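Beneath this line is the structure, given in C-alpha coordinates, with notes to follow.
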Amino acid sequence: MSDSALQDEPTTSSENTAGLDLGWLSLEDGEEIRWASTPHKYSIVPALVVGLPLSVVLIGIPLIAASYLQYTNTNYVVTNKGLYSKRGILSRDVQQIGFDKVQNISYSQSAIGSSLGYGSVDVSTAGGSGVELQFRSILNPAAVQELISKEIDKRQQRDSAGTAETDDVLDQILVELRAIRSAVADDEEQVTNGSSSSADAEASPNRPSDGTVDHPDE
(Lines of atoms letter the chains of each structure in order from A; the text may use other names.)
(Lines give C-alpha, C1' and ligand atoms only; values in the text may rest on other atoms or scores of the structure.)
Protein backbone atom coordinates (compact mmCIF):
# COMPACT_ATOMS: atom_id res chain seq x y z
CA MET A 71 0.00 0.00 0.00
CA SER A 72 1.61 3.22 -1.14
CA ASP A 73 2.34 6.05 1.28
CA SER A 74 0.70 8.50 -1.11
CA ALA A 75 -2.57 6.57 -0.99
CA LEU A 76 -2.90 6.30 2.76
CA GLN A 77 -2.25 8.96 5.36
CA ASP A 78 -2.47 8.78 9.16
CA GLU A 79 -3.33 12.48 9.10
CA PRO A 80 -4.23 14.66 6.10
CA THR A 81 -1.24 16.78 5.15
CA THR A 82 -0.94 19.60 2.66
CA SER A 83 2.27 18.06 1.32
CA SER A 84 0.40 15.02 0.00
CA GLU A 85 -0.77 14.97 -3.59
CA ASN A 86 -4.13 13.57 -2.53
CA THR A 87 -4.81 15.79 0.49
CA ALA A 88 -3.43 19.12 -0.70
CA GLY A 89 -5.87 21.86 0.27
CA LEU A 90 -8.23 19.33 1.83
CA ASP A 91 -10.74 21.05 4.12
CA LEU A 92 -12.14 18.68 6.74
CA GLY A 93 -13.96 21.30 8.77
CA TRP A 94 -17.21 19.52 7.96
CA LEU A 95 -16.02 16.32 9.65
CA SER A 96 -17.14 15.68 13.23
CA LEU A 97 -15.33 12.80 14.91
CA GLU A 98 -16.40 10.89 18.01
CA ASP A 99 -14.21 10.39 21.07
CA GLY A 100 -11.42 7.99 20.21
CA GLU A 101 -12.10 8.22 16.48
CA GLU A 102 -9.01 8.75 14.30
CA ILE A 103 -8.54 9.39 10.59
CA ARG A 104 -6.88 6.54 8.72
CA TRP A 105 -7.16 7.96 5.19
CA ALA A 106 -8.58 11.04 3.51
CA SER A 107 -8.64 12.16 -0.09
CA THR A 108 -10.42 13.93 -2.91
CA PRO A 109 -11.06 12.30 -6.28
CA HIS A 110 -7.89 11.86 -8.30
CA LYS A 111 -6.94 14.94 -10.32
CA TYR A 112 -6.85 12.86 -13.48
CA SER A 113 -10.55 12.13 -13.06
CA ILE A 114 -11.30 15.47 -14.75
CA VAL A 115 -9.43 14.39 -17.88
CA PRO A 116 -12.57 12.98 -19.57
CA ALA A 117 -14.33 16.34 -19.00
CA LEU A 118 -11.34 18.13 -20.53
CA VAL A 119 -11.31 15.81 -23.53
CA VAL A 120 -14.99 16.46 -24.17
CA GLY A 121 -15.15 20.05 -22.99
CA LEU A 122 -12.15 21.63 -24.73
CA PRO A 123 -13.37 21.06 -28.29
CA LEU A 124 -16.79 22.37 -27.27
CA SER A 125 -15.35 25.44 -25.59
CA VAL A 126 -15.30 27.26 -28.92
CA VAL A 127 -19.09 27.35 -28.75
CA LEU A 128 -19.08 28.03 -24.98
CA ILE A 129 -20.71 24.70 -24.19
CA GLY A 130 -17.55 23.01 -22.95
CA ILE A 131 -16.60 25.71 -20.42
CA PRO A 132 -19.48 24.96 -17.97
CA LEU A 133 -18.77 21.25 -18.36
CA ILE A 134 -15.10 21.70 -17.44
CA ALA A 135 -15.95 24.09 -14.59
CA ALA A 136 -18.54 21.71 -13.11
CA SER A 137 -16.09 18.80 -13.25
CA TYR A 138 -13.37 20.85 -11.55
CA LEU A 139 -15.68 22.13 -8.81
CA GLN A 140 -16.94 18.63 -8.16
CA TYR A 141 -13.33 17.44 -7.87
CA THR A 142 -12.36 20.17 -5.38
CA ASN A 143 -15.53 19.93 -3.28
CA THR A 144 -15.63 16.17 -2.80
CA ASN A 145 -13.93 14.55 0.18
CA TYR A 146 -13.65 10.93 1.23
CA VAL A 147 -12.52 9.84 4.71
CA VAL A 148 -11.84 6.50 6.38
CA THR A 149 -11.53 6.45 10.17
CA ASN A 150 -11.09 3.63 12.65
CA LYS A 151 -14.88 3.61 13.13
CA GLY A 152 -16.45 4.24 9.75
CA LEU A 153 -16.58 5.85 6.32
CA TYR A 154 -17.47 9.41 5.34
CA SER A 155 -18.30 11.04 2.03
CA LYS A 156 -18.88 14.75 1.43
CA ARG A 157 -20.12 16.15 -1.86
CA GLY A 158 -21.71 19.36 -3.01
CA ILE A 159 -20.69 22.64 -4.62
CA LEU A 160 -23.30 25.06 -3.32
CA SER A 161 -24.93 22.68 -0.85
CA ARG A 162 -23.28 20.01 1.28
CA ASP A 163 -24.20 16.34 1.28
CA VAL A 164 -22.42 14.31 4.00
CA GLN A 165 -22.88 10.55 4.23
CA GLN A 166 -21.55 8.32 7.02
CA ILE A 167 -21.55 4.54 7.43
CA GLY A 168 -20.24 2.75 10.51
CA PHE A 169 -18.20 -0.42 10.08
CA ASP A 170 -20.86 -2.40 11.96
CA LYS A 171 -23.24 -1.80 9.03
CA VAL A 172 -20.85 -2.63 6.18
CA GLN A 173 -21.81 -5.83 4.41
CA ASN A 174 -19.67 -5.81 1.26
CA ILE A 175 -16.80 -3.81 -0.26
CA SER A 176 -15.68 -3.87 -3.86
CA TYR A 177 -13.69 -1.69 -6.22
CA SER A 178 -13.81 -1.08 -9.95
CA GLN A 179 -11.76 0.70 -12.59
CA SER A 180 -12.79 1.76 -16.06
CA ALA A 181 -10.39 1.49 -18.99
CA ILE A 182 -9.45 5.16 -18.62
CA GLY A 183 -9.25 4.92 -14.83
CA SER A 184 -7.06 1.84 -14.99
CA SER A 185 -4.63 3.56 -17.36
CA LEU A 186 -4.55 6.74 -15.26
CA GLY A 187 -4.43 4.96 -11.87
CA TYR A 188 -7.82 5.74 -10.35
CA GLY A 189 -11.07 3.90 -9.70
CA SER A 190 -14.04 3.62 -7.37
CA VAL A 191 -14.75 1.77 -4.13
CA ASP A 192 -18.35 0.63 -3.59
CA VAL A 193 -19.76 -0.07 -0.13
CA SER A 194 -22.96 -2.02 0.53
CA THR A 195 -24.67 -2.26 3.90
CA ALA A 196 -26.66 -4.98 5.63
CA GLY A 197 -30.32 -4.60 4.77
CA GLY A 198 -29.55 -2.00 2.09
CA SER A 199 -30.37 -2.20 -1.58
CA GLY A 200 -27.33 -1.91 -3.80
CA VAL A 201 -24.40 0.43 -3.20
CA GLU A 202 -24.99 2.76 -0.25
CA LEU A 203 -21.72 4.72 -0.42
CA GLN A 204 -19.15 5.16 -3.16
CA PHE A 205 -15.66 6.64 -3.21
CA ARG A 206 -15.49 7.76 -6.84
CA SER A 207 -12.35 8.22 -8.92
CA ILE A 208 -9.84 7.80 -6.08
CA LEU A 209 -6.19 6.90 -6.39
CA ASN A 210 -5.37 3.21 -5.88
CA PRO A 211 -8.87 1.92 -5.03
CA ALA A 212 -7.54 -1.59 -4.28
CA ALA A 213 -5.39 -0.20 -1.46
CA VAL A 214 -8.31 1.75 -0.02
CA GLN A 215 -10.50 -1.35 -0.14
CA GLU A 216 -7.77 -3.27 1.69
CA LEU A 217 -7.53 -0.57 4.35
CA ILE A 218 -11.29 -0.62 4.94
CA SER A 219 -11.29 -4.42 5.21
CA LYS A 220 -8.48 -4.31 7.77
CA GLU A 221 -10.27 -1.70 9.88
CA ILE A 222 -13.45 -3.81 9.82
CA ASP A 223 -11.45 -6.89 10.89
CA LYS A 224 -9.90 -4.91 13.76
CA ARG A 225 -13.33 -3.82 14.93
CA GLN A 226 -14.68 -7.37 14.80
CA GLN A 227 -11.69 -8.62 16.78
CA ARG A 228 -12.27 -5.93 19.44
CA ASP A 229 -15.95 -6.85 19.61
CA SER A 230 -15.08 -10.55 19.94
CA ALA A 231 -12.60 -9.81 22.71
CA GLY A 232 -15.20 -7.69 24.50
CA THR A 233 -17.79 -10.45 24.18
CA ALA A 234 -15.35 -13.05 25.54
CA GLU A 235 -14.52 -10.80 28.49
CA THR A 236 -18.22 -10.28 29.19
CA ASP A 237 -18.79 -14.04 29.09
CA ASP A 238 -15.95 -14.56 31.58
CA VAL A 239 -17.48 -12.02 33.96
CA LEU A 240 -20.91 -13.64 33.66
CA ASP A 241 -19.41 -17.08 34.33
CA GLN A 242 -17.68 -15.75 37.43
CA ILE A 243 -20.91 -14.17 38.67
CA LEU A 244 -22.74 -17.46 38.06
CA VAL A 245 -20.16 -19.38 40.11
CA GLU A 246 -20.49 -16.90 42.96
CA LEU A 247 -24.29 -17.11 42.86
CA ARG A 248 -24.11 -20.90 43.03
CA ALA A 249 -21.77 -20.70 46.02
CA ILE A 250 -24.12 -18.28 47.78
CA ARG A 251 -27.12 -20.53 47.06
CA SER A 252 -25.25 -23.56 48.39
CA ALA A 253 -24.28 -21.67 51.55
CA VAL A 254 -27.88 -20.55 52.11
CA ALA A 255 -29.12 -24.11 51.60
CA ASP A 256 -26.60 -25.39 54.18
CA ASP A 257 -27.70 -22.76 56.68
CA GLU A 258 -31.36 -23.68 56.18
CA GLU A 259 -30.55 -27.36 56.68
CA GLN A 260 -28.72 -26.64 59.91
CA VAL A 261 -31.61 -24.53 61.17
CA THR A 262 -34.07 -27.31 60.29
CA ASN A 263 -31.98 -29.98 62.03
CA GLY A 264 -31.63 -27.77 65.11
CA SER A 265 -35.37 -27.23 65.24
CA SER A 266 -36.05 -30.97 64.99
CA SER A 267 -33.67 -31.72 67.87
CA SER A 268 -35.35 -29.12 70.07
CA ALA A 269 -38.78 -30.54 69.26
CA ASP A 270 -37.70 -34.09 70.23
CA ALA A 271 -36.27 -32.84 73.50
CA GLU A 272 -39.49 -31.01 74.37
CA ALA A 273 -41.63 -34.07 73.52
CA SER A 274 -39.91 -36.30 76.17
CA PRO A 275 -38.77 -34.05 79.02
CA ASN A 276 -38.84 -36.86 81.70
CA ARG A 277 -36.94 -39.48 79.76
CA PRO A 278 -33.99 -40.68 81.92
CA SER A 279 -30.62 -39.92 80.59
CA ASP A 280 -29.50 -43.60 81.07
CA GLY A 281 -32.11 -44.89 78.64
CA THR A 282 -34.22 -46.82 81.24
CA VAL A 283 -37.94 -46.45 81.38
CA ASP A 284 -39.76 -45.75 84.68
CA HIS A 285 -42.78 -47.97 85.33
CA PRO A 286 -45.62 -46.79 87.54
CA ASP A 287 -46.35 -48.70 90.76
CA GLU A 288 -48.81 -51.54 90.23
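Residue numbers for the sequence shown follow this note's numbering, beginning at 71 and rising by one. Glycine included, each C-beta is placed from N, C-alpha and C at the ideal position. Since the structure is predicted, the reported quantities are computational estimates derived from the model, not experimental observations.
Each residue's CA atom was taken as its position, placing Ile159 and Ser230 some 42 Å apart.
In this structure, the straight-line span from the alpha carbon of Leu209 to that of Ser113 is close to 10 Å. Following the DSSP letters along the chain, one finds Thr195 inside the beta strand (DSSP E) bounded by residues Tyr188 to Thr195. Ser107 counts as buried, since no fewer than 16 other beta carbons sit within 10 angstroms of its beta carbon.
Distances from the alpha-carbon of Gln179 to those of Ser185, Lys171, Gln173 and Gly189 put Gly189 closest.
Judged by DSSP in its simplified three-state form, Ile129 adopts coil rather than helix or strand. For Thr149, the enclosing beta strand (DSSP E) stretches over residues Asn145 to Thr149. Taking the Cα of Glu202 as reference, the smallest distance to any Cα among Asn174, Ile182 and Gly183 is reached at Asn174.
For Phe205, the uninterrupted beta strand (DSSP E) segment begins and ends at Leu203 to Leu209.
Residues of the same chain with a CB within less than 7 Å of the CB of Trp94, apart from the 5 flanking positions on each side, are Lys156, Arg162 and Val164 in chain order.
Between the region 212 to 222 and the region 97 to 105 there are three or more C-beta pairs closer than 8 Å, enough to call the two in contact. Considering only Glu259, Leu244, Val191 and Ile222, the residue with the shortest C-alpha distance to Lys151 is Ile222.
Beta-bridge analysis with DSSP links Trp105 to Val148. Pairing Phe205 with Tyr146, the inter-Cα distance amounts to about 6 Å. Gln166 is not a Cβ neighbour of Leu186, given a cutoff of 9 Å.
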